[in-house]
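Just so you know, the sequences run in chain order A and B.
Each position in the first sequence, counted from 1, maps to that position plus 5 in the numbering used here.
Each position in the second sequence, counted from 1, maps to that position plus 1378 in the numbering used here.
Down below is the structure, laid out as structure tokens.
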Amino acid sequence: MGRKVPGSYGLRALPAIILMAALFLVPAAFVFSTALRDNAAPLLATIRDGRTYSVLLFTLWQAFLSALASTAIALPFAAFFANYSFPLRKAVLALAALSFTMPTILTVLGFVIWYGNNGYLNSMLKAVFGLAGPVRILYSFKAIILAHTYLNFPIAFLLITSAWQSSASIEEKASYMLGKGRLRTFISVTLPSIWGSISSSFSMIFLFCFSSFMIVMVLGGHPRYYMLETEIYRRVYIDADIPSAAGLAVFTSVVTSALLALASWGRKEKKAHRSRRELRKARGPALAMAIIMVLLILCFLLPPTLSIIARSLISKSGDFSIGPWKKALEAGSGAIATSFAIAAIAALLASSMASSISLYAAKSGSRLLPLLSSLPLAAGSVTIGLGLLAASTALDLAPALRPLVVLLSHTIIVLPFSVRTVMPGAMKIPERLPAAAAVLGAPERKIISKVEKPLLRPYRKRAFCFAFALSLGEVNATMMISLGRITTLPVLIYDMINHYDYQGAAALGTVLLLEALAVFTIAEWGGKDHGIS
Amino acid sequence: MAYLELIDIEKKYGDFSLSLSLSADEGEFVSLIGPSGSGKSTLLSLIAGLEMPDSGRIMLAGEDITGKRIQERNIGMVFQDFTLFPSMDVGRNIQFGMKERNRKKRRDLEEKLLALVGLEGYGRRDVTSLSGGEAQRVQLARAIASEPSVLLLDEPLSALDAPMRKHLRAVIRSIHDSLGITMIYVTHDTEEAFAISDTIAIIHEGTTAGKKAAESLYRNPDSLFTAFFTGEGTAIPASAVLGEGVEGTLFFRPENVSLTEQPLDPDEYPNHIIFNGAEIISAEFTGEAYMLGLDWQGCQILARTTVKPRRRKASAMVLKAAALML
């Protein structure tokens, strides 16, 4: 239900709402108008086409398997990490958190270098077991699932660990005191308190994998493994059939919206816990288990990333060389600067917009605004890219303005994540705080700028860093819009992978990795939360 | 004419409605007491402008402030919850509402106010590091710093422990006495209200019978609700004591009851009500005395005595002048 909100909040949010609406509606309108032209022929053709459903089914199936694998693997690790303290525990959790800011292209690159036919893993297997041929992992369905699990396991791991740790163990002790065993206690007491985190991890990962693009493009390696987003891209760049791509984009948006609605339906937070769980110090068998778990996580998460750094220093023939670094940096300096500039501006715009939108939404109790800000997520970055491509073509936009279009696409793509990051902060501002400032005679603008905005600062900072990292790794819309004319860092890495210049790609990948690491460090440390987060 | 006047104020929320008139003189310390949900905090919100009445007027120093914005009312408020601004240190919180523009003078005033609330040297402290009592003192200093015409205090001590409450209520009263500021103080703690206020108004189900001095409220309550809300006592049907046909309820406080082990002759005590043959059914030691529960002909009587009774049977008497017919 809406609440009466002082005008200043609405006035401050208005430019952000207008910009958000414009940035979403313009590409959406172009995609819809293209899909609905000639009596909706492109859309009807998509709906009648049997391939649409085979691609949809495959997309749903792989998303389901990826989400299931990520969540199921995360569960035992979360159970252990939520109950025991041991050396390296925090470091492993930080490493998992780092993956939130890891661009997808780095996963792709890391996988090619580590799991590839001539990758480090195969070289090691060959040396140790004397295998004649490589163990084929990439360019298959299992490669897609493995990469999705690699990317999303940390999300499930962190969310479930956090929820498990927040659930008070006193309730479990009460169950034991009432004579219930471990299994019964887990099913009746523990599971209900962490079920929300398991289901939300699953649905979040499912949605991420449903709109996966780059992993399928590179690691799938076969048209059989095309998914909705890659199929849209194929129709634009291989078939040159934009109406058909628009028809599929509209179809995809409808399906994604339905999935988003389904994922958020019935989601409610139960919070009856009074204290966090006390971690037990791992000793004896528990310590041995801790060592095994830490090693398993490190062996799963680190090699692809570390192999990027290693490969950037080792040539094709296996010699140490930094020559390709110089070459890659020379070739990539423009891309590095472009990526940095686009990411910085897009993140600044998105976090500022998110701040105004969230504050207004929290004040007014509006559920519509956060929902509207999620629409770009439902549309998908490839569809937004397609819409902006169509708009740029229709408006005959000067090539010089294309970087601006890329920037705007990044802004609207990262906005849903920014709003989701800032919104909890805005919701946490106690109602009495602005009331106290008002009673002291402060006008609304002073209340917003001196009292409320400073409280949102840590959330804005996090939103900025998250948006920066997402924009830095964005390739889907960029590839759609750029027509090969604008090269961002991930697009250049993608090109280098396609041209088998792995050392160059690894050198630029290392730069991207360092940027992501820096952003993560800034997001996690420094600044003050003022006790409301 | 009173300094602050609430005239025929009406405010409705679902099933609850507030309907009252109340006033406070300049420099007066008025406490509003009443059970939870009686409308005390709502009343403060209406005065502060955090909420608007459905009808009625609020007059401050002869001026109608009913329609004025919060910022224009010049009313200070100390909230029950932590409402210090976490992004500012103690000093900047205090300076937030100051009307003084000169930096040096603001700083001086900040220090003066910190001294007034007993927090010298706290200016640069982080507000999130303060204890509950310190935070409430900073809230108090911050509210005073804006030089309000009236200071509203909404259960400012309710979250603190008993010794801290006692200490801070003395601080609040001494600030009131030294600055002469009009204060409206909401509490559900009767003892606190008695200790701190000039006058007290009991709010019950959204209305009040007006304010009275603490002593008068305790000694001469105008209803059984007021009588029991302000302290312990005995209420028995008047007909049980004064004879058939007498309507109403007789009320008296436990300290007005005298006990003896011997039966009493009513003729010897014409100014007293006599309860012979009462049975002691409970005896609670309260520290300074015993609170006895007596059963007299099916009626419960409360009596306070400094001596522990030795027998189960006792006679009680109450001075007629101390018993109220309600």
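Ideal placement from N, C-alpha and C gives every residue a C-beta, glycine not left out.
Reduced DSSP secondary structure (H/G/I, E/B, other) of residue i
i              : result
residue 1437/B : strand
residue 1674/B : strand
residue 1565/B : strand
residue 1699/B : helix
residue 111/A  : helix
residue 1638/B : strand
residue 1669/B : strand
residue 1598/B : coil
residue 1456/B : strand
residue 1615/B : strand
residue 444/A  : helix
residue 1682/B : strand
residue 1650/B : strand
residue 1577/B : strand
residue 69/A   : helix
residue 94/A   : helix
residue 1442/B : strand
Exposed unless 16 or more other CB atoms sit within 10 angstroms - verdict on residue i
i              : result
residue 479/A  : buried
residue 1533/B : buried
residue 1703/B : exposed
residue 469/A  : buried
residue 119/A  : buried
residue 322/A  : exposed
residue 1640/B : exposed
residue 508/A  : buried
residue 1622/B : exposed
Alpha-carbon spacing of residue i relative to residue j, whole angstroms
i              : j              : result
residue 1505/B : residue 436/A  : 18 Å
residue 395/A  : residue 249/A  : 13 Å
residue 1682/B : residue 1665/B : 12 Å
residue 277/A  : residue 11/A   : Its pLDDT being 48, under 50, residue 277/A is placed unreliably by the model, and the measurement read from it follows with that caveat. Rounded to whole angstroms, residue 277/A to residue 11/A spans 33 Å at the Cα level.
residue 1419/B : residue 1564/B : 7 Å
residue 1658/B : residue 1668/B : 12 Å
residue 444/A  : residue 1653/B : 56 Å
residue 1528/B : residue 1606/B : 30 Å
residue 1437/B : residue 1405/B : 16 Å
residue 24/A   : residue 340/A  : 27 Å
residue 125/A  : residue 139/A  : 11 Å
residue 1544/B : residue 1602/B : 28 Å
residue 518/A  : residue 107/A  : 7 Å
residue 449/A  : residue 368/A  : 13 Å
residue 114/A  : residue 218/A  : 14 Å
residue 334/A  : residue 471/A  : 25 Å
residue 158/A  : residue 257/A  : 25 Å
Min CB distance residue i to chain B below 7 Å
i             : result
residue 402/A : no
residue 446/A : yes
residue 438/A : yes
residue 65/A  : no
residue 463/A : no
residue 460/A : yes
residue 7/A   : In this prediction, residue 7/A has a pLDDT of 45, which is less than 50 and means its spatial position is unreliable; nothing more can be read from the coordinates.
residue 367/A : no
residue 250/A : no
residue 431/A : no
residue 427/A : no
residue 277/A : Low confidence applies here, because residue 277/A scores a pLDDT of 48, under 50, leaving its location unreliable; read the following figure in that light. Not closer than 7 Å to any Cβ of chain B, the Cβ of residue 277/A fails to qualify, so no.
Of the residues the options, the one placed nearest residue i, counting alpha carbons only
i              : options                           : result
residue 343/A  : 300/A, 410/A and 261/A            : 410/A
residue 57/A   : 158/A, 240/A and 153/A            : 240/A
residue 1518/B : 1502/B, 1494/B, 1508/B and 1613/B : 1494/B
residue 349/A  : 508/A, 401/A and 477/A            : 477/A
residue 1629/B : 1622/B, 1637/B, 1639/B and 1617/B : 1617/B
residue 17/A   : 224/A, 360/A and 401/A            : 360/A
residue 351/A  : 263/A, 422/A, 504/A and 180/A     : 422/A
residue 512/A  : 169/A, 299/A, 98/A and 332/A      : 332/A
Any C-beta of chain A under 7 Å from that of residue i
i              : result
residue 1448/B : yes
residue 1475/B : yes
residue 1461/B : yes
Any non-hydrogen atom of the ligand NAP closer than 6 Å to residue i Cβ
i             : result
residue 322/A : In terms of ligand content, the structure shown is empty, and the ligand NAP therefore cannot be addressed.
Name the residues in the segment 335–362 of chain A whose C-beta lies less than 8 Å from a C-beta of chain C; which are they?
As a matter of chain content, chain C is missing from the structure shown, whose protein chains are A and B.
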